[in-house]
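Enquirer: Numbering (the working numbering), first residue to last: 1 to 99.
By construction, the Cβ of each residue, glycine as well, lies at the ideal position given by its N, Cα and C atoms.
Encoded as structure tokens, here's the structure I'll be asking about.
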């Protein structure tokens, strides 16, 4: 995967020390799944138009919820890097989510 592009910046992180995984959201709108022990990016996928402001993860189900400047909340399958649901309707940026 290689990880986020230089200069993209990390805006938010949700980590699970038990599994050794973390998911981050970038300033350019991408999400990245990380191996905490090795420091390697395992997968990266486009997430939002603009900054990913917040993330929450349920590591037991391998699901994550992200919110961003585009006003969308998105539910992800972290195993497959697949967008499961795109919830729109909020007119401003989303700055906090919880699962």
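#1: So residue 73 is in the beta strand (DSSP E); what residue range does that whole segment cover?
#2: Suppose you measure from the CA of residue 48 to the CA of residue 28; what does that come to, to the nearest Å?
#3: Give the DSSP-derived three-state secondary structure of residue 67 in the structure shown.
#4: Are any of the Cβ atoms in chain C nearer than 8 Å to that of residue 22?
#5: I need the boundaries of the beta strand (DSSP E) containing residue 97, first residue and last residue.
#6: Compare the beta carbon distance of residue 73 and residue 52 with 8 Å and say whether it is the shorter of the two.
#7: On the three-state DSSP scale, how would you describe residue 34?
Expert: By the coordinates alone:
#1: For this step, residue 73 is matched to residue 73 along the chain shown. Looking at the DSSP string, the run of the beta strand (DSSP E) that includes residue 73 is 73-77.
#2: Residue 48 sits at position 48 when you count from the first residue of the chain shown. Residue 28 sits at position 28 when you count from the first residue of the chain shown. Distance between the alpha carbons of residue 48 and residue 28 is about 8 Å.
#3: Counting from 1 along the chain shown, the entry for residue 67 is found at position 67. In the displayed model, residue 67 falls within a strand according to three-state DSSP.
#4: Included in the structure is just one protein chain, with no chain C present.
#5: The count along the chain shown starts at 1 and reaches residue 97 at position 97. Looking at the DSSP string, residue 97 is not in any beta strand (DSSP E), and its letter there is neither H nor E.
#6: For the purposes of this step, residue 73 is identified with residue 73 of the chain shown, where counting begins at 1. For the purposes of this step, residue 52 is identified with residue 52 of the chain shown, where counting begins at 1. The criterion of a C-beta distance shorter than 8 Å is not satisfied by residue 73 and residue 52.
#7: Residue mapping note: residue 34 aligns to position 34 of the chain shown, counting from 1. In this structure, residue 34 counts as strand in the three-state DSSP scheme.
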